[in-house]
Ligand SMILES: N[C@@H](CCC(=O)N[C@@H](CS)C(=O)NCC(=O)O)C(=O)O
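Numbering (the numbering used here), first residue to last: 1444 to 1642.
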């Protein structure tokens, strides 16, 4: 199994966490997408990481889809639920975390790609509102999370690390102290700590 990566991508990190949780961490051959001779666009027309190639040569794009595949072939409890209702609930929560991360990435790109005069304050505010509302919902849902590290904890950890890394919502800990406390504990879990990108 080959995983095309960028070492700092939050989407790649999520896939790596899930691969380890499913007992597949050692089977992943990681290839840096930016390495000389690597043509990721030949595999994935979107040219994005993570891009994944199964042992049978099937190409999978999109972090959530790759995680679902790893969940199917790996060992241990099913991360996407045992029945259709549980699965739908987890997919919905995963979509929420993905939406938060997408908004954080959008803020980051707006600031990185445009000088202060070119930045759209309205666009940034719109993304910020998604962060505010998304984290509020995630905090509300914490009570329903299982104890054991799973897909949603991994998704939240990757989003929150990115938010901190790029300072896209600096007051989130003040706004959501319960989430902040929960995340501080999650960061102590060895797999979460080990996969944090080195800044
Ligand atoms: N929705 C995708 C997002 C992947 C994504 O945006 N990856 C970024 C790196 S963090 C990327 O490859 N960007 C390069 C580009 O857009 O050309 C997923 O969840 O896998």
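Each residue gets a CB set at the ideal place from its N, CA and C atoms; glycine is no exception.
DSSP puts residue i in a beta bridge; with which residues?
{"i": "residue 1448", "result": "1475"}
{"i": "residue 1504", "result": "1494"}
Just how far apart, CA to CA, sit residue i and residue j?
{"i": "residue 1662", "j": "residue 1571", "result": "Outside the shown range of the chain (1444 to 1642) lies residue 1662, about which nothing can therefore be said."}
{"i": "residue 1540", "j": "residue 1515", "result": "21 angstroms"}
{"i": "residue 1582", "j": "residue 1624", "result": "10 angstroms"}
{"i": "residue 1635", "j": "residue 1462", "result": "12 angstroms"}
{"i": "residue 1630", "j": "residue 1607", "result": "13 angstroms"}
{"i": "residue 1560", "j": "residue 1553", "result": "11 angstroms"}
{"i": "residue 1614", "j": "residue 1501", "result": "42 angstroms"}
{"i": "residue 1450", "j": "residue 1557", "result": "24 angstroms"}
{"i": "residue 1446", "j": "residue 1632", "result": "24 angstroms"}
{"i": "residue 1509", "j": "residue 1498", "result": "13 angstroms"}
{"i": "residue 1385", "j": "residue 1513", "result": "In this structure the chain extends from 1444 to 1642, so residue 1385 is not present and cannot be described."}
{"i": "residue 1531", "j": "residue 1568", "result": "30 angstroms"}
{"i": "residue 1574", "j": "residue 1535", "result": "16 angstroms"}
{"i": "residue 1602", "j": "residue 1628", "result": "16 angstroms"}
{"i": "residue 1622", "j": "residue 1475", "result": "33 angstroms"}
{"i": "residue 1537", "j": "residue 1637", "result": "22 angstroms"}
{"i": "residue 1626", "j": "residue 1580", "result": "15 angstroms"}
{"i": "residue 1527", "j": "residue 1588", "result": "18 angstroms"}
{"i": "residue 1473", "j": "residue 1448", "result": "7 angstroms"}
{"i": "residue 1491", "j": "residue 1549", "result": "15 angstroms"}
{"i": "residue 1619", "j": "residue 1585", "result": "12 angstroms"}
{"i": "residue 1468", "j": "residue 1459", "result": "7 angstroms"}
{"i": "residue 1511", "j": "residue 1609", "result": "28 angstroms"}
{"i": "residue 1529", "j": "residue 1592", "result": "16 angstroms"}
Measuring CB to CB, does residue i end up less than 8 angstroms from residue j?
{"i": "residue 1464", "j": "residue 1519", "result": "yes"}
{"i": "residue 1453", "j": "residue 1604", "result": "yes"}
{"i": "residue 1444", "j": "residue 1486", "result": "no"}
{"i": "residue 1551", "j": "residue 1611", "result": "yes"}
{"i": "residue 1457", "j": "residue 1563", "result": "no"}
{"i": "residue 1533", "j": "residue 1594", "result": "yes"}
{"i": "residue 1546", "j": "residue 1577", "result": "yes"}
If you count every other CB in all the chains shown that lies within 10 Å of the CB of residue i, and 16 or more means buried, which is it?
{"i": "residue 1566", "result": "exposed"}
{"i": "residue 1507", "result": "buried"}
{"i": "residue 1479", "result": "exposed"}
{"i": "residue 1641", "result": "exposed"}
{"i": "residue 1544", "result": "buried"}
{"i": "residue 1481", "result": "exposed"}
{"i": "residue 1590", "result": "exposed"}
{"i": "residue 1489", "result": "exposed"}
{"i": "residue 1484", "result": "exposed"}
{"i": "residue 1600", "result": "buried"}
{"i": "residue 1415", "result": "Shown here, the chain extends from 1444 to 1642; a query on residue 1415 therefore has no answer."}
Going by the C-beta, is residue i closer than 7 angstroms to any heavy atom of ligand 3?
{"i": "residue 1639", "result": "Absence of ligand 3 is noted for the structure shown, with ligand 1 being the only ligands found."}
Kindly indicate if chain B contains any beta-carbon less than 8 angstroms away from that of residue i.
{"i": "residue 1594", "result": "Of the protein chains in the structure, only one exists, and it is not chain B."}
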